[in-house]
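Here the structure is laid out as structure tokens; the discussion comes afterwards.
Residue numbers (the working numbering): -9 to 348.
This is how it looks when you write it as structure tokens:
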């Protein structure tokens, strides 16, 4: 059976075809309507905003065989910070993250850099320290090797114990400096903080915390805890892997006008928006500052409290591209069918008129 037997579109020889002014008018009108509807439907599909849908994040936290939270596999959240301290040297700044699980995240600041700036505005490069060939002692805080001062401090932090004086720790002897030599330096802190995606506090202060105990850097610098000036400028802070979200704290500058233990409090509340594969964090913030009173010995510093809502705003179009094409073809096909019907009726009318005349 040849394929032409399946042809549902019969062809009329040109000798038997007829063209009329009325059919031409119908064709022009149909083409105009089809063009208008084509443009109208396309612009409506492109310009129509996707609808919002609120969903609750039901992702479960990973646990091990003992039903204990498996920290290495807990999802992480990135918070980018860019802060300048014009009156605070870099060597006295310490970082810490306290999350909702009351865990100290000692590795959260591995991607944060501190740029030392001298009184003349030039960058001061830190001296490179050679890596020791032997395994450094952790002074009873952990097993294994602690080859840097940071390793020793982190080992004591995980145990919640206060280390001995830095001058007695071989890895930290280079960290013991004369504060008078760095008093006029400023510090530029920038980089990404890695935290659990719940709520917690990023702490930037002038001391180290070891569990419930505190040990300020003043013990090795020979100065008072009230001597630090936490005047600062926030160049930028945003949450997420991209900077497409909100920047509510950008450009804020606080000046410490009094001598004392300054405490700057910042509160950031975020809501996630999902647009296809892109996730954006919308944020609002509030902030205030005060000075600690009494002789509690608590640090001066900045405290950034972040809170990530479990609700996700998802954006999705009701009409897919395939549905749009189907609707468009139905509309254009309907106009074509209507034009064919009018043309057919006009042809029947002409034939009847011709028959009556004869």
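By construction, the Cβ of each residue, glycine as well, lies at the ideal position given by its N, Cα and C atoms.
For residue 31, the uninterrupted alpha helix (DSSP H) segment begins and ends at 11 to 37.
Counting of Cβ neighbours within 10 angstroms places residue 187 among the buried residues, the total reaching 16 or more. Here residue 73 really is in contact with residue 179; their C-beta atoms are around 5 angstroms apart, less than 8 angstroms. Going by DSSP, residue 146 is part of the alpha helix (DSSP H) stretching over 139 to 149.
Boundaries of the beta strand (DSSP E) harbouring residue 272: 268 to 281, taken from the DSSP string. For residue 86, the enclosing beta strand (DSSP E) starts and ends at 84 to 89.
Per DSSP, reduced to three states, the secondary structure at residue 264 is strand.
Taking all protein chains shown into account, residue 346 has fewer than 16 neighbouring C-beta atoms within 10 Å of its C-beta and is therefore exposed. In the three-state reduction of the DSSP assignment, residue 73 falls in the strand class, which pools E and B. When the Cα atoms are used, residue 215 and residue 251 turn out to be separated by approximately 7 angstroms.
The beta-carbon separation of residue 220 and residue 254, rounded to 7 angstroms, stays under the 8 angstroms limit for a contact. Residue state for residue 228 is assigned as strand, using DSSP reduced to three classes. Beta bridge pairing from DSSP links residue 309 with no other residue. By DSSP's assignment, residue 304 forms a beta bridge with 43 and 264. According to DSSP, residue pairing for residue 174 in a beta bridge does not occur. The beta carbon of residue 239 sits closer than 6 angstroms to those of 224, 227 and 275, all from its chain and outside the five residues before and after it, given in chain order.
Contact check between the segment 329 to 344 and the segment 295 to 308: fewer than three CB pairs, one atom from each, fall below 8 angstroms, which does not count as touching. In the DSSP annotation of this structure, residue 242 is not part of any beta strand (DSSP E), being labelled neither H nor E. Per DSSP, the beta-bridge partners of residue 294 are 192 and 256.
Annotated three-state conformation of residue 68 is strand, per DSSP. A direct Cα-Cα distance of roughly 12 angstroms separates residue 324 from residue 332.
Under DSSP, residue 235 forms no beta bridge with any residue. With respect to the C-alpha of residue 256, the residue from 138, 264, 279 and 172 having the closest C-alpha is 279. Under the three-state reduction of DSSP output, residue 341 falls in the helix class. Here the C-alpha atom of residue 320 lies approximately 40 angstroms from the C-alpha atom of residue 235. Closest by C-alpha distance to residue 16, out of 329, 341 and 85, is 329. Assignment of beta-bridge partners to residue 180 by DSSP yields 72 and 103. Residue 47 is positioned such that its CB atom lies closer than 9 angstroms to that of residue 262. Here residue 128 is buried. Its C-beta has 16 or more other C-beta atoms within 10 Å. A contact is defined here as three or more CB-CB pairs under 8 angstroms, and the segment 39 to 46 fails this definition with respect to the segment 146 to 155. Sequence-distant partners of residue 102 (beyond 5 residues in either direction) whose C-beta falls short of 6 angstroms from its own C-beta, in its chain, are 181.
By the Cβ-count criterion, residue 175 is buried, with 16 or more other Cβ atoms from all chains shown falling within 10 Å of its own Cβ.
Contact check for residue 104 and residue 162: beta-carbon distance about 17 angstroms, past the 8 angstroms limit, so the pair fails to qualify. The residues 142, 145, 146, 148, 149, 151 and 153, in chain order, have a CB closer than 8 angstroms to that of residue 131 in the same chain once the five nearest residues on each side in sequence are set aside.
Here residue 273 is buried. Its C-beta has 16 or more other C-beta atoms within 10 Å.
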